[in-house]
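**Q**
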Amino acid sequence: MRRNLWYTPIMMRNKICLKSPVVLLKMRGKPCVSWQGARLLWRLGRVGLLALSVGLLFALGACGGGADNAPNTVSMDQAEFHLSALTVRAGETVHFVNPANGDPHALCIGKENQCAPQSGAPEQLNTTTPVATNPGDTLDIVFPTAGTYIVICTLHPGMQVTITVQ
Ligand SMILES: [Cu+2]
């Protein structure tokens, strides 16, 4: 009985007809599609399925790996960077992540707990006024030029990470 609610395909000469009580009631007839039309529908269905699975895979991939494992990411612990050194390629972005349960930090290019602007360093951090980050903040910094840059936190003596740009 229940099966009758679904369209039942019926093959006719060169057409597929769909028969269902609902359609019969509503249309007093059978909607028919030609073989070409059926093939097109079938192909569209397959393409849709493929797109859906690919999208699902991407979504799963994006969810895998926490912030700590993400590439080019330096997270900030209570009074230090999680990493002491990181190597990236020129033009890449480094993500400085202040976790939600972290502390405020103030970052700049520097030396021995003082901001010390350096040629080639990313503009945003190449300042004598450190950039404040609060828990939950992420600073995305592009390192455009090859060189070795030390990012420090002026609030926490000894808190620094050396970014080598190749
Ligand atoms: Cu700090």
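Residue numbers (numbering that gives the first Met the number 0): 0 to 165. Beta carbons are placed, not taken as given, at the ideal position from N, Cα and C, and that holds for glycine.
(1) Cα-Cα, which of G109, T128 and Q123 is closest to Y148?
(2) For M75, which residues does DSSP report across the bridge?
(3) Counting along the chain, where does the beta strand (DSSP E) carrying H104 start and finish?
(4) Which residues are close to ligand 1, meaning CB closer than 5 Å to any heavy atom, in chain order?
(5) With 16 as the cutoff for other CB atoms within 10 Å, does Q165 come out buried or exposed?
(6) Alpha carbon to alpha carbon, how far is T126 from A120?
(7) Determine the DSSP secondary structure at G44, reduced to helix, strand or coil.
(8) Identify the continuous beta strand (DSSP E) that holds T137 and give its terminal residues.
(9) Give the DSSP-derived three-state secondary structure of L124 in the structure shown.
(10) Is it buried or exposed for L124, if we count other Cβ within 10 angstroms and need 16 for buried?
(11) Are A78 and P134 closer than 7 Å when you measure CB to CB?
(12) Under three-state DSSP, which class holds L85?
(13) Just mark V150 as buried or exposed, buried being the case when its beta carbon has 16 or more other beta carbons within 10 Å.
(14) Do you know how far the Cα of A50 is from the Cα of I140?
(15) Taking only three categories from DSSP, how would you classify A50?
(16) Suppose you measure from the CA of P143 to the CA of L85; what does that come to, to the nearest Å?
(17) Look at L138 and F95 and say whether their C-beta atoms are less than 7 Å apart.
**A** A quick look at the data gives this:
(1) Comparing Cα positions, the closest option is G109.
(2) Partner residues in the beta bridge of M75, as assigned by DSSP, are F80.
(3) Residue range H104 to K110 is occupied by the beta strand (DSSP E) that includes H104.
(4) Taken from the N-terminal end onward, the list reads H104, C152, L154, H155 and M158.
(5) So Q165 counts as exposed.
(6) About 10 Å.
(7) Helix.
(8) If you look at T137, you'll find it in the beta strand (DSSP E) that goes T137 to F142.
(9) The answer is helix: DSSP assigns L124 an H, G or I state.
(10) L124 is buried by the Cβ-count criterion.
(11) No Cβ-Cβ contact shorter than 7 Å links A78 with P134.
(12) Of the three classes helix, strand and coil, the one that applies to L85 here is strand, per DSSP.
(13) Counting the other Cβ atoms within 10 Å of the Cβ of V150 gives 16 or more, which makes it buried.
(14) Between the alpha carbons of I140 and A50 lies a distance of about 34 Å.
(15) A50 falls in the helix class under three-state DSSP.
(16) If I take the Cα positions, the gap works out to 15 Å.
(17) Cβ distance < 7 Å, so L138 and F95 count as in contact.
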